[in-house]
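Heads up, the sequence shown is in our numbering, so the first residue is 9 and it goes up one at a time.
Have a look at the structure below, then the notes.
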Amino acid sequence: MKKILAIVLIAAFAFQNVKADEGMWFLAFINKNYKQMKAMGFKLKPQDIYDINHSSMKDAVVTLDGGSCTAELISPKGLLLTNHHCGYGEIQAHSTVEHDYLTNGFWAKSMDEELPNPGKTVTFLVRMEDVSDRVNAELREDMTETERTATIRKISEVIQKEAIGDTHYEAEVLSFFKGNNFYLFVKETFTDVRLVGAP
Numbered sequence: 009m010k011k012i013l014a015i016v017l018i019a020a021f022a023f024q025n026v027k028a029d030e031g032m033w034f035l036a037f038i039n040k041n042y043k044q045m046k047a048m049g050f051k052l053k054p055q056d057i058y059d060i061n062h063s064s065m066k067d068a069v070v071t072l073d074g075g076s077c078t079a080e081l082i083s084p085k086g087l088l089l090t091n092h093h094c095g096y097g098e099i100q101a102h103s104t105v106e107h108d109y110l111t112n113g114f115w116a117k118s119m120d121e122e123l124p125n126p127g128k129t130v131t132f133l134v135r136m137e138d139v140s141d142r143v144n145a146e147l148r149e150d151m152t153e154t155e156r157t158a159t160i161r162k163i164s165e166v167i168q169k170e171a172i173g174d175t176h177y178e179a180e181v182l183s184f185f186k187g188n189n190f191y192l193f194v195k196e197t198f199t200d201v202r203l204v205g206a207p
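Now the structure itself:
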């Protein structure tokens, strides 16, 4: 019993000064966190991370297959790097007894040797915008949850259509912070995703 008490006390005192400084923040609102990030040693400018008018890190980090994995853009021709498990299914699909890419790896020596992956997608964030005021303006305190959900869906569809116009972009309004804040995400998805290399 004394050993257990001693362990509990040691653990309590050991973590007494530990402070988690985390939370959700959005790329588009990096300016709100910049002062704190700079004080912690951050060297980049906010526009190096997120800028809708110029190249920034938002253009280099993409999602695969609707968000199941991420990848990083490393060339002007669209070459991406990702984790092995994110392309495992595609590597496996291209493997045969003669060409066991899972065991021996694969490297395309030219663009003609790249292997197509039907159904694989890469999505870039084009921009995001806080649309909370616009959505919340349509909501009333006396609404039932069903009415609230229907109203949010209806205004979200309007916002999404306005955001993409007649472009090839996709748009989505998502709620955050227990349904009190709403953000528009405009995205661009590519479907010509090819396997270039697998170690």
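The beta-carbon is built from N, C-alpha and C at its ideal position, and this holds for glycine as well.
Item: First through last residue of the beta strand (DSSP E) which encompasses residue 135; Value: 130-138
Item: In chain order, each beta strand (DSSP E) run of at least 3 residues that lies wholly inside the segment 93-170; Value: 130-138
Item: Proximity below 8 Å, CB of residue 132 to CB of residue 203; Value: no
Item: Of the listed residues 173, 174, 200, 147, nearest to residue 161 (C-alpha basis); Value: 147
Item: Under 8 Å between C-beta atoms of residue 34 and residue 177; Value: no
Item: Rounded separation between residue 187 and residue 180 - CA only; Value: 15 Å
Item: Where the beta strand (DSSP E) containing residue 79 begins and where it ends; Value: 77-81
Item: The segment 125-140 contacting the segment 68-75, beta-carbon criterion three pairs below 8 Å; Value: yes
Item: Residue 42 - containing alpha helix (DSSP H), residue span; Value: 39-47
Item: Exposure label - residue 136; buried when at least 16 CB within 10 Å; Value: buried
Item: Between the CA atoms of residue 159 and residue 140 - distance to the nearest angstrom; Value: 13 Å
Item: Length of the line joining the Cα atoms of residue 37 and residue 145; Value: 22 Å
Item: Those residues which DSSP pairs with residue 194 across a bridge; Value: 135, 179
Item: C-beta contact flag for residue 90 and residue 101 at 8 Å; Value: no
Item: Collapsed DSSP secondary structure at residue 89 in the structure displayed; Value: strand
Item: Where residue 35 falls: helix, strand or coil (DSSP); Value: helix
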